[in-house]
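Going by this note's numbering, the first residue of the sequence shown is number 16, and it counts up by one from there. Here a beta-carbon is modelled for each residue, glycine too, at the ideal position from N, C-alpha and C. This one's a predicted model, so the numbers in the text were calculated from it and none came from an experiment. Here's the structure, in structure tokens; my notes come after.
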Amino acid sequence: MRHRKQNVVRVLWRWTRENPDAVARVRTALRCALDQLGYGGEALDDAVLAVSELATNALEHAPGPYEMRLRFTVIGLTCEVVDADPQIPAVPVFPAAAPFEPVPENRGGGSDALLNVLLEGGRGLHLVHHLTCGAWGFEIERSGRTKVAWMAIPGS
Numbered sequence: 016m017r018h019r020k021q022n023v024v025r026v027l028w029r030w031t032r033e034n035p036d037a038v039a040r041v042r043t044a045l046r047c048a049l050d051q052l053g054y055g056g057e058a059l060d061d062a063v064l065a066v067s068e069l070a071t072n073a074l075e076h077a078p079g080p081y082e083m084r085l086r087f088t089v090i091g092l093t094c095e096v097v098d099a100d101p102q103i104p105a106v107p108v109f110p111a112a113a114p115f116e117p118v119p120e121n122r123g124g125g126s127d128a129l130l131n132v133l134l135e136g137g138r139g140l141h142l143v144h145h146l147t148c149g150a151w152g153f154e155i156e157r158s159g160r161t162k163v164a165w166m167a168i169p170g171s
């Protein structure tokens with residue numbers, strides 16, 4: 016069962032750079048929360064993979080502490096990853112075509128293409144864009160001291 020609440024925020028987990036398994040715990044926390052809300056299948060898997068990329072980016076490019084939370088609104092559910100860098104990063108230009116289609120350079124398609132692209136590095140936001148159908152972004156919180164990377168939960 017999916018719940019429609021009006022702008023309710025639920026903190027799922029807080030962490031710092033000292034947490035060696037931070038991204039794995041982010042994935043687990045989101046998977047458990049969405050499972051409790053009735054999400055499953057591909058929508059759940061896509062959300063977990065996308066938040067993993069946002070958390071990895073935060074750890075690699077921004078100071079902590081970090082926080083993951085769910086925001087329930089009348090139009091749907093979003094997941095947010097907060098860090099202590101108040102700067103919006105440069106967002107890459109996304110190709111018009113799907114990023115994981117077979118290409119002539121013998122990359123194959125599907126999961127083989129996805130694995131090759133991820134191994135190249137620097138493609139995490141492309142993956143988030145693909146998994147959320149473009150429903151993601153960044154914003155600076157009102158305090159001006161923290162940044163939020165947000166993404167819509169697929170299927171919400």
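*So what's Gly139 in DSSP terms, helix, strand or just coil?*
In the structure shown, Gly139 sits in a helix (DSSP, three-state: H, G or I).
*Helix, strand or coil for Glu57 per DSSP?*
DSSP places Glu57 in helix when its eight states are reduced to three.
*How is Leu134 classed by DSSP in three states: helix, strand or coil?*
At Leu134 the pLDDT is 48, less than 50, meaning the model places this residue with poor confidence; the figure from the coordinates comes in the next sentence. Shown here, Leu134 sits in a helix according to DSSP, grouped into three states.
*Skipping 5 residues on each side, what residues in its chain have a beta carbon closer than 6 Å to that of Glu154?*
If the five residues before and after Glu154 are omitted, its C-beta is found closer than 6 Å to the C-beta atoms of Val163, all from its own chain and listed in chain order.
*Of the residues Pro35, Asp36 and Ala58, the one placed nearest Arg46, counting alpha carbons only*: Restricting attention to Pro35, Asp36 and Ala58, the CA atom closest to the CA of Arg46 is found in Ala58.
_Gln164 in three-state terms, based on DSSP_ = Sequence inspection shows Ala at residue 164; the Gln mentioned does not correspond to that position. Secondary structure at Ala164: strand, using DSSP grouped into helix, strand and coil.
*asked:* Let me confirm a value: Trp151 is counted as buried when at least 16 other C-beta atoms fall within 10 Å, else exposed. Which label applies?
replied: Trp151 should be labelled buried.
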